[in-house]
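Student: Dropping the structure in here first, questions after.
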Amino acid sequence: MLRDATSALARNVFCITSNLDVFIRRFNEIQYWVVTEIVSTTNLTKRMSLVKKFIKLAAFCKEYQNLNAFFAIVMGLSNTAVSRLSMTWDKLPSKFRKLFTEYEALIDPSRNHRAYRMSVGKLQPPVIPFMPLLLKDMTFAHEGNKTSLDGLVNFEKMHMMAQTMRAVRFCRSRHLVLDPPSPKNENEIRNYIRCFRTIDNQRVLNSMSQKAEAPIKIVSNVNVILRNKL
Numbered sequence: 032m033l034r035d036a037t038s039a040l041a042r043n044v045f046c047i048t049s050n051l052d053v054f055i056r057r058f059n060e061i062q063y064w065v066v067t068e069i070v071s072t073t074n075l076t077k078r079m080s081l082v083k084k085f086i087k088l089a090a091f092c093k094e095y096q097n098l099n100a101f102f103a104i105v106m107g108l109s110n111t112a113v114s115r116l117s118m119t120w121d122k123l124p125s126k127f128r129k130l131f132t133e134y135e136a137l138i139d140p141s142r143n144h145r146a147y148r149m150s151v152g153k154l155q156p157p158v159i160p161f162m163p164l165l166l167k168d169m170t171f172a173h174e175g176n177k178t179s180l181d182g183l184v185n186f187e188k189m190h191m192m193a194q195t196m197r198a199v200r201f202c203r204s205r206h207l208v209l210d211p212p213s214p215k216n217e218n219e220i221r222n223y224i225r226c227f228r229t230i231d232n233q234r235v236l237n238s239m240s241q242k243a244e245a246p247i248k249i250v251s252n253v254n255v256i257l258r259n260k261l
């Protein structure tokens, strides 16, 4: 009996961690999908339009409280391969630049993600939280505190871990009800979403970014003066 129970527990733990691995991989996939799509677009106007669409997508995720996808998209837009595209960002309408600045402030990791924690604390379920931060909290509570002290259970550690678990349970305490209109090309969209074209090599992405927008050469004041005298 004990062996069967242990085996069942092991299978459940494996299933849970497997799902978590898929969830984290999807986060990274979305993040690099954003970067890949932008740096792959060579036309300046189309690239600006694409950045605008991703900001709109981030706004949609935030509205429906999918904060995990929201973080992935905004972090993709904040990637150095994208943030250096000054011509693209300059061409972007000011209201979208302002919106993106607000989103960057929300994902700011300073003071232990204080801006995000304050924002998510005001939400009502259902919420898809920023999962990497929850994992960080669990890891900190587990590895930063002993399970037992002087032969007694460290209830402070248990309390810290329980707080994180309660946060997860609260986020999923209500079912998400959506009734979006079905697009004509729904199957095509589903297939595209299942198989994102992503490049996760930062060197390659930086190289593609350089090709999309070459670095602006800074001319020294001496050269400018000499040219004006000629």
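Here this note's numbering is used: position 73 in the sequence shown is 104, and no number is missing along the way. We put the CB at the ideal spot given by N, CA and C, even for glycine. Quick caveat: nothing in here was measured; it's all calculated off a predicted structure.
Taking a contact to mean a Cβ-Cβ separation below 8 Å, would you say M79 touches T132 in this structure?
Tutor: As a position in the sequence shown, residue 79 is number 48, starting the count at 1. As a position in the sequence shown, residue 132 is number 101, starting the count at 1. Their beta carbons are not under 8 Å apart, which means M79 does not touch T132 by this criterion.
Student: Round the Cβ separation of L207 and P157 to the nearest angstrom and send it over; I've been treating them as touching at under 8 Å.
Tutor: Taking the first residue of the sequence shown as 1, we reach residue 207 at position 176. Taking the first residue of the sequence shown as 1, we reach residue 157 at position 126. Contact flag correct, Cβ pair sits at about 4 Å.
Student: In its own chain, which residues sit with a C-beta less than 6 Å from the C-beta of F127, not counting the 5 before and 5 after it?
Tutor: Taking the first residue of the sequence shown as 1, we reach residue 127 at position 96. K83 and I86.
Student: When DSSP builds the beta bridges, which residues end up paired with N218?
Tutor: For the purposes of this step, residue 218 is identified with residue 187 of the sequence shown, where counting begins at 1. Beta-bridge pairing links N218 to no other residue.
Student: Check for me: the alpha helix (DSSP H) holding D168 runs from which residue to which?
Tutor: In the sequence shown, the residue the question calls residue 168 occupies position 137. Counting along the chain, the alpha helix (DSSP H) containing D168 begins and ends at M162 to E174.
Student: Using three-state DSSP, classify L51 as helix, strand or coil.
Tutor: Position 20 of the sequence shown holds residue 51. Helix.
Student: What is the rounded straight-line gap between the Cα of T48 and the Cα of N185?
Tutor: Mapped onto the sequence shown, residue 48 falls at position 17. Mapped onto the sequence shown, residue 185 falls at position 154. C-alpha separation (whole angstroms): 25 Å.
Student: Within 10 Å of its beta-carbon, does D35 have 16 or more other beta-carbons around it, so buried, or fewer, so exposed?
Tutor: The count along the sequence shown starts at 1 and reaches residue 35 at position 4. Only weak support exists for where D35 lies, its pLDDT of 45 falling under 50; the value from the coordinates is given anyway. With fewer than 16 other Cβ atoms within 10 Å, it is exposed.
Student: Nearest by alpha-carbon distance to N232: which of K129, V70, E244 and R200 is it?
Tutor: Here residue 232 refers to the residue found at position 201 of the sequence shown. Minimum Cα distance to N232 is reached at V70.
Student: What is the residue span of the alpha helix (DSSP H) that Q241 lies within?
Tutor: Within the sequence shown, numbered from 1, the residue matching residue 241 stands at position 210. That run of the alpha helix (DSSP H) goes Q233 to A243.
Student: State yes or no: is the C-beta of I104 within less than 8 Å of the C-beta of V53?
Tutor: Taking the sequence shown and counting its residues from 1, one reaches residue 104 at position 73. Taking the sequence shown and counting its residues from 1, one reaches residue 53 at position 22. Contact: no.
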